[in-house]
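**Student:** Line by line, the protein sequences give chains A and B.
Heads up: the first sequence is residues 0 to 153, going by numbering that gives the first Met the number 0.
Heads up: the second sequence is residues 0 to 196, going by numbering that gives the first Met the number 0.
The structure is given below, and queries will be raised subsequently.
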Amino acid sequence: MKPSPLLRGVLAGAALLAAAGCGTSPKSMNTVEPAQTTAVRQPIADRRVVTDPSLARNVQPVDLIEGRTPDGLLRIQLTVHNPTRSRHAFNHRVEWFDAQGFQFGTPTDTAVSAVIEGGQTLSFGSVAPNPQVRDFRISLLESTRSFFPRLRRN
Amino acid sequence: MKTSVILPAAAAAALLALGAGCTRPAQYVDPQGSRVMVTLDQINIQDFAMAAEDAVNSLLASGVIDRVPEKPAILVVSRVVNSTSQQVDTDMLTKKIRVALNQSGKALTQTTRGPGGVVEDELAREIQLEREALDGLRTRVPDFSLSGKIIETMSRAGSYRQAAYTFQLSLTDNRGLAVWEGEKAVVKQGRRPSVGF
């Protein structure tokens, strides 16, 4: 059965719109770095809980390192890699916990928006808000941009 | 023949589903999460939070706060110039930094001293002066002053818009030297506001 002319028209229109405005061709990033890096990294073992396999495919944790600031505060850095050819928007957030496991909240503890291009390796980190902080948890979440309300301009 | 019946029904169902999904009643959201509103012509709460987070991380990582003769360091908040077209309370930025530094135990903010003699807490200033008169002791000179500027840059390509908000901060010691400086740009692009980022 052949599709109706109306349906064909709608499909063609949608394809045109996608190609003209919203479509982005996949691009992948090339990188160059020293073959022998001089930095002494302190990788730490991580435990991963994956509930979004799609995000885990597009934003793959490569390594997690920790260190200390000159004042002795714990600092961490997570490196992620996007092995696909498409850019991917996601959010990350670091939560800190004290020696008894209680969360240490600060007003600067916030979800941060990030975009990783295809093939890109991206690092982001944080510094513990207090010397008593012992543990941390990094949450990664697919972009939550869900709908576009029409707001009246003042 | 069947297609002509199924197609309008499917379209109607899709429209209904879309309508139901977009009509959202008011709800509370986590202000530090990623489901807050994103607008192009305004500095949103998460923009301040991201700028403050970046500044605090950079400031703590630099270690300058600990390089004072007597710990914790004493900080005063100077002027943060708002060079945007909007009316914003710059405390949205500075207060977050102050709280984070206070919680770190690295710095205390003096609220009885401010730019141009305008103090944050008048009563505390009176008490401080009274104590100084009674004890004959002078309050410690602040180690650092925090100042900054918020700059807005708008661009447009057709109906596509870009808003860039640059948060510049300087920490100046009591010799007048900027011992730490930070800059964070928050850039947003799009045609319309969104919920979530």
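Backbone N, C-alpha and C fix where the C-beta goes; we use that ideal spot for every residue, glycine too.
In this text the structure is predicted, and so the values were computed from the model without any measurement.
1. Just the Cα atoms here: how many angstroms apart are Q99 of chain A and S82 of chain B?
2. Measure from the C-beta of L59 of chain B to each C-beta in chain A and report whether the shortest distance is under 8 Å.
3. In whole angstroms, give me the CA-to-CA distance for I150 of chain B and F166 of chain B.
4. Taking 8 Å as the cut-off, does the stretch 46-60 of chain B touch the stretch 150-161 of chain B (at least 3 CB pairs, one atom from each stretch)?
5. Taking the continuous beta strand (DSSP E) assigned at T78 of chain A, which residues delimit it?
6. Note down, in chain order, each residue of its chain lying with its Cβ closer than 8 Å to the Cβ of Q41 of chain A, except the 5 sequence neighbours on either side.
7. Among A:T107, A:R47, A:R46 and A:H91, which has the Cα closest to the Cα of D53 of chain B?
8. If we call anything under 8 Å between Cβ atoms a contact, is L72 of chain A one with V126 of chain A?
9. Looking only at DSSP bridge pairs, what is V186 of chain B linked to?
10. Spatial neighbours of W179 of chain B within its chain, please: C-beta separation below 7 Å, excluding the five flanking residues on both sides.
11. Which residue comes first and which comes last in the beta strand (DSSP E) that contains R78 of chain B?
12. For A88 of chain A and S142 of chain A, which I take to be in contact (beta-carbon distance under 8 Å), what is that distance rounded to the nearest angstrom?
13. Can you pull out the residues from the stretch 89-116 of chain A whose beta carbon lies closer than 7 Å to at least one beta carbon of chain B?
14. Short check: CB of D65 of chain B to CB of P130 of chain A, under 8 Å?
15. Grouping DSSP H, G and I as helix and E and B as strand, with all else coil, what is P52 of chain A?
16. Using the C-alpha atoms, what's the distance from R84 of chain A back to N101 of chain B?
17. With distances taken between CB atoms, is the gap from T89 of chain B to P192 of chain B smaller than 8 Å?
18. At the level of alpha carbons, what is the spacing between H91 of chain A and G115 of chain B?
19. Starting from D46 of chain B, trace the alpha helix (DSSP H) both ways and give me its first and last residue.
20. Quick one: Cα of V93 of chain A to Cα of R47 of chain A, how far?
21. Suppose only complete runs of 3+ residues qualify. What are the beta strand (DSSP E) ranges in the stretch 102-135 of chain A, listed by chain order?
22. Specify, as a first and last residue, the run of the beta strand (DSSP E) that A106 of chain B falls within.
23. Less than 8 Å between CB atoms is the rule here; does E131 of chain B satisfy it with respect to chain A?
24. Among residues of its own chain, excluding the 5 on either side of S33 of chain B, which ones have a beta-carbon nearer than 7 Å to its beta-carbon?
25. At the level of alpha carbons, what is the spacing between Y27 of chain B and T93 of chain B?
26. For a contact defined as C-beta to C-beta under 7 Å, what are the partners of P52 of chain A on chain B?
27. Between A48 of chain B and chain A, is there a C-beta pair that is closer than 8 Å?
28. Could one say the Cβ of T78 of chain A lies closer than 8 Å to chain B's Cβ atoms, at least one of them?
29. Starting from D90 of chain B, follow the alpha helix (DSSP H) in both directions and report where the run begins and ends.
30. For V148 of chain B, which residues in chain A fall below 9 Å Cβ to Cβ?
**Tutor:** In terms of the structure at hand:
1. Sequence index remark: in the first sequence, residue 99 of chain A carries index 100 (1-based). Sequence index remark: in the second sequence, residue 82 of chain B carries index 83 (1-based). One C-alpha to the other measures close to 44 Å.
2. Locating residue 59 of chain B in the second sequence gives position 60, where the first residue counts as 1. Yes, contact with chain A.
3. Locating residue 150 of chain B in the second sequence gives position 151, counting from the first residue. Locating residue 166 of chain B in the second sequence gives position 167, counting from the first residue. The straight-line gap from Cα to Cα measures roughly 7 Å.
4. no
5. Indexing the first sequence from 1 puts residue 78 of chain A at position 79. That run of the beta strand (DSSP E) goes L73 to H80.
6. Residue mapping note: residue 41 of chain A aligns to position 42 of the first sequence, counting from 1. Correct list, in chain order: I64, E65 and G66.
7. The count along the second sequence starts at 1 and reaches residue 53 of chain B at position 54. When each option's Cα is compared against that of D53 of chain B, the closest is A:T107.
8. Looking up residue 72 of chain A in the first sequence gives position 73. Looking up residue 126 of chain A in the first sequence gives position 127. Yes, Cβ-Cβ distance for L72 of chain A and V126 of chain A is below 8 Å.
9. Residue mapping note: residue 186 of chain B aligns to position 187 of the second sequence, counting from 1. According to DSSP, which records beta bridges pairwise, V186 of chain B is partnered with B:A163.
10. Looking up residue 179 of chain B in the second sequence gives position 180. Taken in chain order, the residues that qualify are L58, S61, V63 and L170.
11. Looking up residue 78 of chain B in the second sequence gives position 79. A72 to S82 is the extent of the beta strand (DSSP E) around R78 of chain B.
12. The residue you call residue 88 of chain A lines up with position 89 of the first sequence. The residue you call residue 142 of chain A lines up with position 143 of the first sequence. Their Cβ separation, rounded to whole angstroms, is 4 Å, which keeps A88 of chain A and S142 of chain A in contact under 8 Å.
13. N90, T105, P106, T107, D108, T109, A110, V111 and S112
14. Position 66 of the second sequence holds residue 65 of chain B. Position 131 of the first sequence holds residue 130 of chain A. Result no, Cβ atoms of D65 of chain B and P130 of chain A do not sit closer than 8 Å.
15. Here residue 52 of chain A refers to the residue found at position 53 when the first sequence is read from its first residue. In the structure shown, P52 of chain A sits in a helix (DSSP, three-state: H, G or I).
16. Here residue 101 of chain B is taken as the residue at index 102 of the second sequence, counted from 1. Here residue 84 of chain A is taken as the residue at index 85 of the first sequence, counted from 1. Whole-angstrom Cα-Cα distance: 44 Å.
17. Counting from 1 along the second sequence, the entry for residue 89 of chain B is found at position 90. Counting from 1 along the second sequence, the entry for residue 192 of chain B is found at position 193. Not closer than 8 Å, so no.
18. As a working note, residue 91 of chain A is residue 92 in the first sequence. As a working note, residue 115 of chain B is residue 116 in the second sequence. Spanning the two alpha carbons is a distance of roughly 40 Å.
19. Along the second sequence, one-based indexing puts residue 46 of chain B at 47. I44 to S61 is the span of the alpha helix (DSSP H), which, as asked, contains D46 of chain B.
20. Your numbering for residue 93 of chain A matches position 94 in the first sequence. Your numbering for residue 47 of chain A matches position 48 in the first sequence. Cα to Cα, V93 of chain A sits roughly 14 Å from R47 of chain A.
21. 111-115 and 120-126
22. Translated into positions along the second sequence, residue 106 of chain B becomes position 107. Segment A106 to T108, the beta strand (DSSP E) holding A106 of chain B.
23. Numbered from 1 along the second sequence, position 132 holds the residue referred to as residue 131 of chain B. Not one chain A Cβ lies under 8 Å of E131 of chain B.
24. The sequence position of residue 33 of chain B within the second sequence is 34, counting from 1. For S33 of chain B, where only same-chain residues beyond five positions count, the Cβ hits under 7 Å are G195 and F196.
25. Here residue 27 of chain B corresponds to residue number 28 of the second sequence, with the count starting at 1. Here residue 93 of chain B corresponds to residue number 94 of the second sequence, with the count starting at 1. Their Cα atoms are separated by approximately 25 Å.
26. Here residue 52 of chain A refers to the residue found at position 53 when the first sequence is read from its first residue. The contacting residues do not exist; P52 of chain A stays about 20 Å from chain B at best.
27. On the second sequence, residue 48 of chain B is found 49 positions in, with the first residue counted as 1. Yes, A48 of chain B counts as interfacial toward chain A.
28. On the first sequence, position 79 is the one that residue 78 of chain A refers to. By this cut-off, T78 of chain A is not an interface position.
29. Locating residue 90 of chain B in the second sequence gives position 91, where the first residue counts as 1. Segment D90 to S103, the alpha helix (DSSP H) holding D90 of chain B.
30. As a first step, residue 148 of chain B is located in the second sequence; it is residue number 149 there, counting from the start. In the sequence as presented, Val is not what sits at residue 148 of chain B; that position holds Lys. Residues of chain A passing the Cβ test: none, with the nearest at roughly 19 Å.
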